[in-house]
Amino acid sequence: MYSAYRVLCSYRFFVRYRQSVNTRTDERPPPPSTMIRGSIVAAVLSLPPPSLLLLSLSLSLSLPLISGGSTALRRPVEIRAAVILPAESKFITTLSKVMPVLDIAVRDLYAKGILRETDVTFKFMQKDDKCEDIEAMRSGFELIINGRVDLFLGPTCDYGVDLVARMIKFWNAPLLTTGGFTNDFSLDKRDPKSKYFLLVRTGTLDFQDIADVVLSVLNRVFLGIRGRTYYSYMTLTATGKYLENNLVD
Numbered sequence: 001m002y003s004a005y006r007v008l009c010s011y012r013f014f015v016r017y018r019q020s021v022n023t024r025t026d027e028r029p030p031p032p033s034t035m036i037r038g039s040i041v042a043a044v045l046s047l048p049p050p051s052l053l054l055l056s057l058s059l060s061l062s063l064p065l066i067s068g069g070s071t072a073l074r075r076p077v078e079i080r081a082a083v084i085l086p087a088e089s090k091f092i093t094t095l096s097k098v099m100p101v102l103d104i105a106v107r108d109l110y111a112k113g114i115l116r117e118t119d120v121t122f123k124f125m126q127k128d129d130k131c132e133d134i135e136a137m138r139s140g141f142e143l144i145i146n147g148r149v150d151l152f153l154g155p156t157c158d159y160g161v162d163l164v165a166r167m168i169k170f171w172n173a174p175l176l177t178t179g180g181f182t183n184d185f186s187l188d189k190r191d192p193k194s195k196y197f198l199l200v201r202t203g204t205l206d207f208q209d210i211a212d213v214v215l216s217v218l219n220r221v222f223l224g225i226r227g228r229t230y231y232s233y234m235t236l237t238a239t240g241k242y243l244e245n246n247l248v249d
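The sequence shown runs 1 to 249 under UniProt numbering.
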């Protein structure tokens, strides 16, 4: 009898437990936004409004464009020019005369739109060679060792031009000069194996051409004057020949 009573109580307790479990299961609140089961994390994200989603998408697409544009902005190319000239005013071409001209030339390039300052800039590095060959050579080596040189402006004295112009093909930097009147400087320099490759003379005359001009003037002017001059034609011709030989040497 007592055993049957215990079985009946157990059965009633089991029925009530099942009913309570079913009730809690039906009425329990919705799961949280994040459920953790062991090492697995499941996140339930709610979608934002369509307008916010569109704005986020637009920003995400524009960020690569902005970053790409910022990296695409290049620094201007800097042309480093070495100006090797004497500083003393007794010479025809000096640093004090040439540097203002270079500044005017650069401003003129920008003003006329030939070059843009955002694309190309110039840096002029001055060196006083005292119109001496050793100083010109030392200045060239010093500038090459201390930094990049894209162009040499000068020297203008022939002995300085001779030494520096022999090295520029190894430095891969052209030399522009208003000097260089010796005959060797006027020879063909287009061959990379030539002695003065990359040398550019702004003038078209050398000492031989100047001597030919003097002789031509003497022949034309004094040939018809004859005896009415203090010097005979032969004397003037000899003077021209002497001048030619000394200029060439």
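Where a beta carbon is used, it is the ideal one built from N, C-alpha and C, also for glycine.
- By the beta-carbon neighbour count (other beta carbons within 10 angstroms, threshold 16), residue 92 is exposed.
- At a cut-off of 4 residues, the continuous stretches assigned as alpha helix (DSSP H) that sit fully inside the segment 147-216 are 158-171.
- At a Cβ-Cβ threshold of 8 Å, residue 145 and residue 171 do not count as neighbours.
- Sequence-distant partners of residue 168 (beyond 5 residues in either direction) whose C-beta falls short of 6 Å from its own C-beta, in its chain, are 175, 198.
- A direct Cα-to-Cα measurement between residue 213 and residue 124 gives close to 36 Å.
- For residue 127, the enclosing beta strand (DSSP E) starts and ends at 120-128.
- Looking from the CA of residue 211, the closest CA among 187, 183, 200 belongs to 183.
- Per DSSP, reduced to three states, the secondary structure at residue 102 is helical.
- For residue 79, the uninterrupted beta strand (DSSP E) segment begins and ends at 77-85.
- Within the same chain, Cβ atoms closer than 6 Å to the Cβ of residue 79 are found at 122, 150, the five residues on either side in sequence being excluded.
- By the 16-neighbour rule on beta-carbons within 10 angstroms, residue 90 is exposed.
- Close CB contacts of residue 82 within its chain, under the 6 Å cut and outside five residues either way in sequence, are with 125, 143, 149, 152 (chain order).
- Counting every other CB atom within 10 Å of its CB across the protein chains shown gives residue 127 a total of 16 or more, marking it as buried.
- 8 Å or more divides the Cβ of residue 115 from the Cβ of residue 136.
- Residue environment for residue 181: buried (at least 16 other C-beta atoms within 10 angstroms of its C-beta).
- Here the C-alpha atom of residue 160 lies approximately 10 Å from the C-alpha atom of residue 139.
- Residue 84 sits close to residue 154, with the two beta carbons spaced by under 8 Å.
- Remark: C-beta atoms of residue 204 and residue 177 do not approach each other more closely than 8 Å.
- Annotated three-state conformation of residue 91 is coil, per DSSP.
- Residue 107 sits in a helix when the DSSP states are folded into three classes.
- Contact check for residue 77 and residue 108: beta-carbon distance about 19 Å, past the 8 Å limit, so the pair fails to qualify.
- The beta carbon of residue 194 sits closer than 8 Å to the beta carbons of 187, 188 from its chain, once the five residues preceding and following it are set aside; these are given in chain order.
- At least 8 Å separates the beta-carbon of residue 86 from that of residue 133.
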